[in-house]
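**Q** Just dropping this structure here.
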Amino acid sequence: MATESDVVDWVLEPFSAADSTRFLELKSDPIDEKHGKSAWHAFDTSIMELADDIAYGVHDFEDAISLKLVDCDDWRYIAEVIDPEWGKGVDLSDAEDVGRRLFAGTGGERKRSIGCLVNAFVVSIRIGEQSDFEHPLLNYQAELDPRATSLLERLKDVVIRKVIKTAQVQTLEYRGQQLIVELFEALQSDPLRLMKDNFRLLYSEAKDDPSRLRVICDYVAGMTDEYATRMFERLFVPRHGQFSDRF
824 MATESDVVDW VLEPFSAADS TRFLELKSDP IDEKHGKSAW HAFDTSIMEL ADDIAYGVHD
884 FEDAISLKLV DCDDWRYIAE VIDPEWGKGV DLSDAEDVGR RLFAGTGGER KRSIGCLVNA
944 FVVSIRIGEQ SDFEHPLLNY QAELDPRATS LLERLKDVVI RKVIKTAQVQ TLEYRGQQLI
1004 VELFEALQSD PLRLMKDNFR LLYSEAKDDP SRLRVICDYV AGMTDEYATR MFERLFVPRH
1064 GQFSDRF
C-alpha cells in the first residue's frame, strides 16, 4: 500500500540502489480489481510460497476426497504426470497403490498416503540462484523440481475444477463476498460507533481518508468467519444479538 512506503524503504535499506530498483519490478501491472504481481521474491518468501502451494494443493485434495467430490479417475489423471524416475526417488513409484490407499483404504492409510505426497514435494525442493542481484538474500531461491511442479499443478487443477468452481462452493463464496461488502459499508458509514475501541483509536489517529479506510479494511480482514457472521446478524438480522453477547 502507498501508505506503507516508509516500511518498504526500511526493508530495502540494506540493499544497493540497483538491487532495490530491480526488486520492486512487477511481472504484471495492477488492473481493475486485480493486484499487480511481483517479479521477484526474497529467499524466505520463496520458501513461504512453496509451503503454501504444497499445503493447499495436497490438503485441499484430501478434503475433496473426504467430501467425495473426486474419485479414482481424477487420481489417475493426476498420476499421469508422475515421472517414473522422480517417483521412484520420492516413494511415489506405485501410483496405483497410492490411489487405492487414498480412495479405498482406511482413514489411517489415506493419511499415510497424504503424508507421502507432502514428503515427495518437500524433498523435491532445492536452493537455486537467480544471479540477478548482488545480495544473496535476494539471489537465492527455494525452487521445486519441475517434475514435482507438474504433479502439484495437476492436483490444483483437479481441485479447482471439481471443487472450487462448483456451484455449491461458488454460491457460498458469493454469499461471503456480499457479507463482507455490507459489513464494510456499514462500518464506513459510522466507524466510531460500530468498531471496537482499539480500532476506533486507530481510526481517530489516521491522518487522511485512505488511512482511515485502511483501518476499516484491517478490522474486517481480521475477522474470523464466525465473528463476521455474528456481527452481520447483529447489525442486519432482527432479534439477533444481545447486550450481554461477547463481541
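The numbering of the sequence shown is my numbering, which starts it at 824 and goes up by one. Every residue gets a Cβ at the ideal spot worked out from N, C-alpha and C, and that includes glycine. Since the model is a prediction, treat every value here as computed from it, not as a measurement.
1) Do residue 1055 and residue 1006 have their beta-carbon atoms positioned less than 8 Å apart in this structure?
2) Who are residue 967's beta bridge partners in DSSP?
3) Going by beta-carbon coordinates alone, are residue 899 and residue 928 separated by less than 8 Å?
4) How long is the line joining the alpha carbons of residue 845 and residue 980, rounded to whole angstroms?
5) Keeping to the same chain, check which residues put their C-beta closer than 8 Å to that of residue 996; ignore five residues upstream and five downstream.
6) Can you give me the C-alpha to C-alpha distance between residue 835 and residue 825, rounded to a whole angstrom?
7) Strictly by DSSP, which residues pair up with residue 954?
8) When you compare only the Cα positions, how much space is there between residue 950 and residue 959?
9) Does the pairing of the stretch 902–911 with the stretch 962–975 give three or more beta-carbon distances under 8 Å?
10) With DSSP as the reference, please indicate the residues paired to residue 849 in a beta bridge.
11) Can you give me the Cβ contacts of residue 839 inside the same chain, cut-off strictly under 6 Å, excluding the 5 residues immediately before and after it?
12) Take residue 1046 as the anchor and find which of 827, 914, 1002 and 1015 has the nearest alpha-carbon.
13) Going by other Cβ atoms of all chains shown within 10 Å of its Cβ, with 16 needed for buried, is residue 1061 buried or exposed?
14) Using the Cα positions of residue 1015 and residue 858, report the straight-line distance between them to the nearest angstrom.
15) Can you tell me whether DSSP reads residue 854 as helix, strand or coil?
16) For a quick check, are the C-beta atoms of residue 948 and residue 881 less than 8 Å apart?
17) Going along the chain, which unbroken runs of the alpha helix (DSSP H) with 4 or more residues stay wholly within the stretch 858–911?
18) Give the DSSP-derived three-state secondary structure of residue 989 in the structure shown.
19) Where do the ends of the alpha helix (DSSP H) carrying residue 1054 lie?
20) From this set, 1053, 943, 830 and 952, which residue's C-alpha is nearest residue 864's C-alpha?
**A** So, to answer that:
1) yes
2) 948
3) no
4) 32 Å
5) none
6) 15 Å
7) Paired residue(s): none; residue 954 is not in a bridge.
8) 12 Å
9) yes
10) 861
11) 957
12) 1002
13) exposed
14) 30 Å
15) strand
16) no
17) 866–889 and 895–902
18) coil
19) 1048–1059
20) 952
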